[in-house]
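J.: Start counting the sequence shown at 1; every next residue gets the next number (UniProt numbering).
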Amino acid sequence: MVNYWLPYQIYVCRIIARAAFYQASGAFGFRDQLQDSLSLLLLKPQLAREQLLNAAAHQFLEGDVQHWWLPDTNEGVRTRISDDIVWLAYGTALYVSTTGDDTLLDTQIPFIEGATLSSGQQDSYFKSTQSSKITTLYEHCALALDLAI
């Protein structure tokens, strides 16, 4: 049983404002937005679907993702934070098993491009560009999991 205010707080503070006590930049966090939208999966499945597609659109051709990005400029940070990439596949699997909507897997989504991290470099902030390469959400998930293992 969930009261009214917890889902409201998650939706308004974390999804709409993209803020918390420790973070108030308004950036989209790859893992954070997926975690927060999945907590509302039973109440707002369309929101989870939109967040999964938005996250996948911030995956590099190499399989890693922007850890966070600013939506108006596409500036963000590329990192070696390893759990980001598994959240896309986990969230997609949870969404499909909960809603039965497997059409999501066939949705075509572009990648982004940007400078790769050099050896020993932990992160890099830059403006990414949209790639001309487009593939299904299923393939985005598979690429991320391949990189994870």
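Glycine is no exception: its CB is placed at the ideal position from the N, C-alpha and C atoms.
1) Can you give me the start and stop residues for the alpha helix (DSSP H) that D59 sits inside?
2) Looking at the strands, I want to know which residues DSSP matches up with W69.
3) In three-state terms, what does DSSP make of Y95?
4) According to DSSP, what are the bridge partners of residue 155?
5) Exposed or buried, what is L88 when buried is set at 16 or more other beta-carbons lying within 10 Å of its beta-carbon?
6) Please classify D123: is it buried, with 16 or more other beta-carbons within 10 angstroms of its beta-carbon, or exposed?
7) Taking Y4 as the reference, give the member of F28, L40, A27 with the closest Cα.
8) Regarding H140 and the ligand NAD, is the C-beta to nearest heavy atom distance less than 7 Å?
9) With H, G and I counted as helix, E and B as strand and the rest as coil, what does DSSP make of Q33?
10) Report buried or exposed for D36, applying the criterion of at least 16 other Cβ atoms within 10 angstroms of its Cβ.
11) My understanding is that Q108 touches T73, with C-beta atoms under 8 Å, so please give their C-beta distance in whole angstroms.
12) Provide the residue(s) that pair with K133 in DSSP beta bridges, ordered along the chain.
13) If you follow the beta strand (DSSP E) that S118 is part of, which residue opens it and which one closes it?
14) If you run the structure through DSSP and keep just helix, strand and coil, what is I85?
15) Can you tell me whether F126 is buried or exposed, with buried defined as 16 or more other CB within 10 angstroms of its CB?
T.: The short version:
1) Counting from 1 along the sequence shown, the entry for residue 59 is found at position 59. Before going on, a small fix: residue 59 reads as Gln here, not Asp. Note, Q59: premise wrong, no alpha helix (DSSP H); not H, not E.
2) As a position in the sequence shown, residue 69 is number 69, starting the count at 1. DSSP output for W69 lists F28, G76 as bridge partner(s).
3) For this step, residue 95 is matched to residue 95 along the sequence shown. In the structure shown, Y95 sits in a helix (DSSP, three-state: H, G or I).
4) Any question about residue 155 goes unanswered here, given that the chain covers just 1 to 149.
5) Taking the first residue of the sequence shown as 1, we reach residue 88 at position 88. With 16 or more Cβ atoms within 10 Å of its Cβ, L88 is classed as buried.
6) By one-based count along the sequence shown, residue 123 stands at place 123. Classification for D123: exposed.
7) Here residue 4 refers to the residue found at position 4 when the sequence shown is read from its first residue. Checked all of F28, L40, A27; the closest Cα to Y4 is L40.
8) Only the bare structure without any ligand can be found here, which leaves the ligand NAD out of the picture.
9) Translated into positions along the sequence shown, residue 33 becomes position 33. Looking at Q33 - three-state DSSP - the assignment turns out to be helix.
10) As a first step, residue 36 is located in the sequence shown; it is residue number 36 there, counting from the start. That one is buried.
11) In the sequence shown, the residue the question calls residue 108 occupies position 108. In the sequence shown, the residue the question calls residue 73 occupies position 73. 24 Å between Cβ atoms; not a contact.
12) As a first step, residue 133 must be located in the sequence shown, where it is residue number 133. The partner list for K133 (beta bridge, DSSP) is empty, contrary to what the question assumes.
13) Mapped onto the sequence shown, residue 118 falls at position 118. From DSSP, S118 is part of no beta strand (DSSP E); its letter is neither H nor E.
14) Position 85 of the sequence shown holds residue 85. Residue state, collapsed to three classes: helix.
15) One-based indexing of the sequence shown puts residue 126 at position 126. Exposed.
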